[in-house]
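Here is the structure we will look at.
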């Protein structure tokens, strides 16, 4: 019950550190690198491309392959956190 009410608070920093609001080129170099590898940035770039408003590809691998990362990030997150959630559920049900 408590986890569902606090989860939007955890998502806000991730969405603010994406290229949905500002381009990574306008940020300091260390912050631009974090923004380009953010899962929300990959989603925003992929959606822009699908809607006919492609953003220029970044200089990094993550900027040039945002469509692939938009599919890979959820799969990676599921591969990491699904087994952890199942283990936690089993531990709680004992």
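Residue numbers (the numbering used here): 239 to 332. From the three backbone atoms N, C-alpha and C, an ideal C-beta is built for every residue, glycine too. Here the structure is a predicted model, which is why all the values come from computation and not from measurement.
Unbroken alpha helix (DSSP H) run spanning residue i, endpoints
i: residue 268; result: 267-274
Residue from the options with nearest C-alpha to residue i
i: residue 307; options: 280, 274 and 315; result: 280
i: residue 256; options: 301, 323 and 316; result: 301
i: residue 273; options: 262, 282, 266 and 283; result: 262
i: residue 287; options: 303, 299 and 298; result: 303
i: residue 285; options: 309, 322 and 314; result: 309
i: residue 271; options: 316, 297, 246 and 320; result: 297
Self-check item: Contained alpha helix (DSSP H) runs [length at least 4] in the segment 280-328, N- to C-terminal order
Solution: 299-302
Self-check item: At least three beta-carbon pairs within less than 8 Å, the segment 268-278 to the segment 246-257
Solution: yes
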